[in-house]
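For reference, each letter of the sequence shown is one residue, going 1372 to 1709 in the numbering used here.
Some notes on the structure that comes next.
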Amino acid sequence: MKIYSRKELNDYFLSLTYDDISLIPTEISRVKSRNDVNIKSAFLGIELGVPVVSSPMDTVTGITMAKELSASGCIGIVNRFDSSLNELFSDGKVVEGIQAVSVSLTADDELLEKLAANKLIICIDTANANNAHVLKKCEEIKKKYKVKVIVGNIAHGGTLKQLVDAGADAVRIGIGGGSVCTTSVQTGIGIGQVSSVLDSYFAREEQKLKIELIADGGIKSPGDVAKALSAGADVVMLGRMLAGTKETPGEVIKYSDQLWKKYRGSASFGVKMKGEFIEGEETMVPYKGTVKSVVNAISDGLKSSMSYLNCESLKDLKVKNSFAVLSTSSYLERLPRK
Ligand code: IMP
């Protein structure tokens, strides 16, 4: 079996996603227990206990979720679809514990000024960052205000320099990989998430660009989080993994003797409610209890992965360079059987 370096994986002849690869421990680990592993990092100047950012979707991040994630050492990006943005300010001051907020391409100066005055990260929430209007908006915001701006999404690093030139501080990587996303089906656009992250990572390294990378979409497990970070992402953005928790907006529904919550794409009919083009689906996910328990499971899984790989910190993980490409049967063998 060939052991691929990160660079070789990026040059692989097919586009790859999380289930196509595996991380291979190739040395004796000095790590005694996963509790000795440090997964602290910084993202856009904010200290993170766990490198997780929530997706700005209306069934994932409202104010309660953003506050709880911040208390758990993560970042919640408040969605722009429900009433959350209106509830963000009381007496002109932002609700405590909120770091980030998503806005549409048409966000006006009044809103942007308030966000900037409160030093919130602004996420321009669009499907395609490779768009002149998105870059113009990013440039305008960066010229007017002293704020950090996230743009998205891209599937490839080919335009990374143009995003940096427009002032973007971070970019969401992934088109077509989201679990309620029908973009690839509807448009034929998008490649595997691991290849998207790798390509963006090498574009940044080779051109010495200053931009932080968010692996966005398709992450199903703590193991996928470890793979995304190993491929070069600085943080992961999660939708489905956080959906269904107590803190997400929306009701808990009892159906077929089980508890559920709604999870839907930002471009699904339920969000748009108009005759617009739909690129997302709506579904129910099992109720999961508190988001803190989900974050703890991610933290434990990531630490355990790093202890196998002899990594005491996320910096160590970035220099580990041993990946396998899995055959379909070896992928299936990895799954637990009943
Ligand atoms: P998940 O973690 O796999 O569920 O993916 C979440 C990501 O899917 C989000 O952060 C968005 O990038 C993407 N996404 C959300 N809604 C839609 C949609 O309606 N269409 C396409 N992609 C979407």
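Positions of the beta carbon are idealized from the N, C-alpha and C atoms, including for glycine.
Remember, predicted model here, so these are calculated numbers, not experimental data.
In this structure, the ligand IMP has no non-hydrogen atom nearer than 7 angstroms to the beta-carbon of LEU1394.
Here SER1566 has SER1386 and LEU1387 as same chain residues with Cβ atoms under 6 angstroms from its own Cβ, once five neighbours each way along the sequence are excluded.
In terms of CA proximity to SER1455, PRO1620 leads the group PRO1620, VAL1421 and ILE1493. Residues of the same chain with a CB within less than 6 angstroms of the CB of VAL1449, apart from the 5 flanking positions on each side, are THR1432, ALA1437, SER1455 and VAL1472 in chain order. With respect to the 8 angstroms criterion, GLY1549 and GLY1603 are not classified as neighbours on the basis of their beta carbons.
Where CYS1494 is concerned, the enclosing beta strand (DSSP E) starts and stops at 1492-1495. Between VAL1551 and GLY1636, the C-beta gap is smaller than 8 angstroms, which places the two residues in contact. Runs of the beta strand (DSSP E) spanning 3 or more residues and lying entirely within the stretch 1479-1556 occur at 1492-1495, 1520-1525 and 1541-1544, in chain order. ILE1374 sits exposed, since fewer than 16 C-beta atoms from the chains shown fall within 10 Å of its C-beta. The three-state reading of DSSP puts TYR1634 in strand, counting E and B together. Taking the CA atoms as reference points, LYS1507 sits about 21 angstroms from ALA1488.
DSSP places ALA1586 in no alpha helix (DSSP H) but in the uninterrupted beta strand (DSSP E) bounded by 1583-1587. Note that the C-beta distance between PRO1427 and ASP1496 is below 8 angstroms.
Within the chosen limit of 7 angstroms, the ligand IMP does not reach the beta carbon of THR1616 with any heavy atom.
As summarised for the stretch 1605-1683, the continuous beta strand (DSSP E) elements at least 3 residues long and confined to that stretch are 1606-1609, 1624-1626, 1629-1635 and 1653-1657, given in chain order. Between the C-alpha atoms of ASN1502 and LEU1534 there is a straight-line separation of about 10 angstroms. By the neighbour-count criterion, in which 16 or more other beta carbons inside 10 Å mark a residue as buried, MET1608 falls on the buried side.
Residue pairing by DSSP places ASN1409 opposite SER1684 in a beta bridge. Assignment of LYS1691 by DSSP, reduced to helix, strand and coil, places it in the coil class. Of the candidates ARG1575, SER1675, ASN1681 and ALA1442, ASN1681 places its Cα closest to the Cα of THR1397.
Here ILE1525 is not near SER1475, since their CB atoms are 8 angstroms or more apart.
Taken through DSSP and simplified to helix, strand or coil, ILE1395 comes out as coil. Here VAL1423 carries a strand assignment [DSSP, helix/strand/coil]. Taking 8 angstroms as the cut-off, the Cβ atoms of ALA1541 and ILE1582 count as close. Not one heavy atom of the ligand IMP is found less than 7 angstroms from the C-beta of ARG1377. Within the model, the alpha-carbon separation for SER1404 versus SER1684 is close to 13 angstroms. The Cβ atoms of GLY1545 and ASP1595 do not sit closer than 8 angstroms to each other.
Counting along the chain, the unbroken alpha helix (DSSP H) around VAL1568 starts and ends at 1564-1578.
Take the alpha-carbon of PHE1452 and the one of GLU1418: they are about 27 angstroms apart. The ligand IMP approaches ASP1587 closely enough that one of its heavy atoms is under 7 angstroms from the residue's Cβ. Counting along the chain, the unbroken alpha helix (DSSP H) around ILE1434 starts and ends at 1434-1442. Sequence-distant Cβ neighbours of LYS1513 in its own chain, meaning closer than 7 angstroms and more than five residues away, are VAL1520 and GLY1538. At a threshold of 7 angstroms, ALA1668 does not count as near the ligand IMP, since its beta carbon sits no closer than that to any of the ligand's heavy atoms.
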